[in-house]
Amino acid sequence: MKLILALIRRDLVLSYRQGGGAGSALGFFLAVVVLLPIGIGPDQQLLARIAPGALWISLLLSVLLSADRIYQQDYEDGSLDIMTMGPVPFEMVALAKSVAHWLSTSLPLAIAAPLLGFLLNLDPATILPLGIAMMLGSIALSLLASIGAAVTVGLRRGGLLVSILVLPLYVPVLIFGLSASQGPASGPEIATAALLILTAITLVSLVVSPLASAAALRSYLK
Amino acid sequence: MQYLANPTRFLKLANAVLPYIWVITIGLFAVGLYGALFTAPPDYQQGETVRIMFVHVPAAWMALFVYSTMALASAIALIFRHPLADAAAKVAAPIGAVFCFLSLATGSLWGKPMWGAWWVWDARLTSMFVLMLLYLGYMAIWAAIDEPHRAAMIARIVALVGFINVPIVKFSVDWWNSLHQPASVFRMGGPTIDKSMLWPLLVMGLAYTFLFVALHLVSIRAEIAARKIRQIHISEIGDR
């Protein structure tokens, strides 16, 4: 357990000191949110209606863009090779790295997103449900991104492939995250049910992701 | 299963059964299409357009069936290191993608007169579209990784993770209120569809299944040949 925490701390420190972690993902997020009203036109009512969806899609894309950083560097400099031989089961290494990615990238984005909603004229009543749904959903997003990153870690042009592989898996998170975020509009029962399903998706990916990521990484390290 | 692990033995068996499977496929298609186009009555609501069903529904079944086959083959490859299972999974993907595309395209053609739109974003259509993307992603993995052994490893994982979508497609019409009609053949309490339409549909389903089996065997045969060619090339380079 101590070792796993040490791994998480190592990744957090690395992403913080190297820059280009949460900061650049946030910058990307901001750029998308700013570009959107320019593309659609500044109609306040239209923006308010599409704001939750726009924020969710920006979140998905930002998490996806930062996904290749989960394993890439450690694969290239050989740290992953050493981690396979360490006392920590390799599945837990994969889990630790996904958690570090969540803490360094997805969680800051999920916290910032509802606030950036002011730029899109987001209904103030949806800020809280949106924040909760995004925090929950972002765990699943990081875990699924980890599978995509692990599967393409040894490829030179893996970036686009990650999107093709991971975006289909993001669809359920998007659907239920969105209906959980529109609490006041769709009624409390539907929002609660969607939130529960979102939790279920997160739990399933918590089990599947470390296994799949570790298996994929192993086949690259052999 | 272990008996077929030897490619030569597999080829012998495949070559022996393939002609029969082709004959059965053609026969089933002849009977099924006759039933679908001539004997089945037009629907009282949908008129003649209901005949699209006989092409559309079996294609959708097959899209799911082929993905399940692919996932099963991947699991067998992962657990038993069966040498042919990877090849079976690899060549199933393009066939499944074509079935998937066929069901989306015919569904679209059917949707225009019935729903008034080529495409609607409801649960069944969306999850089917996701299935199409999964097929494409799986094929992209095989194309992107040069080293066949590693590509096989990675492709197994991708196929198994993507399998989560299959039950979602199957039950999407029951879980969500959808424009697409709910299951009317494989459901608890028996089919709700009339017998005069049911039998051509089932025959068409069987015909599609046999078509898949035939195409699959041919493609596995081609894959084995491709592997042999690769080996020959490598040994030629070694000889130089």
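Residue numbers (my numbering), protein chains in the order written: chain A, 170 to 391; chain B, 16 to 255.
Just so you know, even glycine gets a beta-carbon here, dropped at the ideal spot from N, CA and C.
Rounded separation between B/Pro73 and A/Leu181 - CA only | 51 Å
Does DSSP classify B/Ile62 as helix, strand or coil?
-> Per the sequence presented here, residue 62 of chain B reads as Gly, with Ile not at that position. Strand.
Between the C-alpha atoms of A/Leu199 and B/Val106, what's the straight-line distance to the nearest angstrom?
-> 43 Å
Own chain, CB closer than 7 Å to B/Ile67, minus 5 neighbours either side, in chain order = Cβ neighbours of B/Ile67 beyond the five flanking positions: Thr121, Leu124 and Trp125.
For A/Pro357, is the classification buried or exposed, using 16 other Cβ atoms within 10 angstroms of its Cβ as the cut-off for buried?
-> exposed
Could you spell out where the alpha helix (DSSP H) holding A/Arg325 opens and where it closes?
-> It is not in any alpha helix (DSSP H) - A/Arg325 carries neither H nor E in the DSSP assignment.
For B/Asn180, which three-state DSSP category applies?
-> helix
Using a C-beta cutoff of 9 Å, does B/Asn180 count as contacting chain A?
-> yes
So which residues on chain A does B/Leu87 lean against when the C-beta distance must stay under 8 Å?
-> Here the premise fails: no neighbours, minimum Cβ distance about 17 Å.
Can you list, in chain order, the residues of its chain whose CB lies under 6 Å from that of B/Leu26, leaving out five sequence neighbours each side?
-> none
Label A/Gly328 either buried or exposed according to how many other C-beta atoms from any shown protein chain fall within 10 Å of its C-beta, with 16 as the threshold for buried.
-> Result: exposed.
If I'm right that B/Pro109 touches B/Ala20 with Cβ under 8 Å, what's the distance once you round it to whole angstroms?
-> Contact flag wrong, Cβ pair sits at about 24 Å.
Check whether the Cβ atoms of B/Thr23 and B/Ala222 sit closer than 9 Å, and answer yes or no.
-> no
As assigned by DSSP and simplified to three states, the class of A/Val331 | helix
Pull up the CB-CB distance for A/Pro221 and A/Ser350, whole angstroms please, since I reckon it's below 8 Å.
-> 5 Å
Does DSSP classify B/Arg139 as helix, strand or coil?
-> helix
Using only alpha-carbon positions, find the residue among B/Trp136, B/Asp137, B/Val113 and B/Ala132 that is nearest to B/Leu149.
-> B/Val113
Since I believe A/Ser388 is in contact with B/Met168 (beta carbons under 8 Å), could you give me their beta-carbon distance rounded to a whole number of angstroms?
-> 4 Å
Taking B/Arg139 as the query, report the chain A residues whose CB atoms sit under 9 Å from its CB, ordered along the chain.
-> What B/Arg139 touches in chain A: nothing, since even the nearest Cβ is about 13 Å away.
DSSP state of B/Ile160 mapped onto helix, strand, coil | Residue state, collapsed to three classes: coil.
Closer than 9 Å, Cβ to any Cβ of chain B: which residues of the segment 236-267 of chain A, in chain order?
-> Flagged: no residues at all.
State yes or no: is the beta carbon of A/Thr295 nearer than 9 Å to at least one beta carbon in chain B?
-> no
Would A/Arg179 count as contacting chain B if we go by Cβ distances under 9 Å?
-> no
Just checking my contact of B/Arg236 with B/Ala29 at CB under 8 Å: how many whole Å lie between their CB atoms?
-> 6 Å
Tell me which same chain residues have a C-beta within less than 6 Å of the C-beta of A/Ala318, skipping the five on either side of it?
-> Ala236, Asp237, Ile239 and Tyr240
Near-chain B residues of the segment 318-335 of chain A - C-beta to any C-beta below 7 Å | Val320, Leu324, Leu330, Ile333 and Leu334
Given B/His71, which residues of its chain have a CB within under 7 Å of its CB, disregarding the five upstream and five downstream residues?
-> Ser118, Thr121, Gly122 and Trp125
Chain B beta carbons: is any one of them nearer than 9 Å to that of A/Leu312?
-> no
At a CB-CB cut-off below 7 Å, which residues of chain B make contact with A/Ile316?
-> Val176
A/Leu338 by DSSP, collapsed to three states: which one?
-> helix
Among A/Ser248, A/Arg326, A/Leu285 and A/Ser184, nearest to A/Leu386 - alpha-carbon criterion = Of the listed residues, the one whose Cα sits closest to A/Leu386 is A/Ser248.
For B/Ile160, does the count of other Cβ atoms within 10 angstroms reach 16, so buried, or fall short, so exposed?
-> buried
For A/Ala309, go through chain C and note every residue whose CB falls closer than 9 Å to its CB, in chain order.
-> The structure shown contains no chain C; the protein chains it does contain are A and B.
Taking 9 Å as the CB-CB limit, is A/Ile219 close to chain B?
-> no
Determine the chain A residues that contact B/Met168 at a beta-carbon separation under 7 Å, and present them in chain order.
-> Ser388
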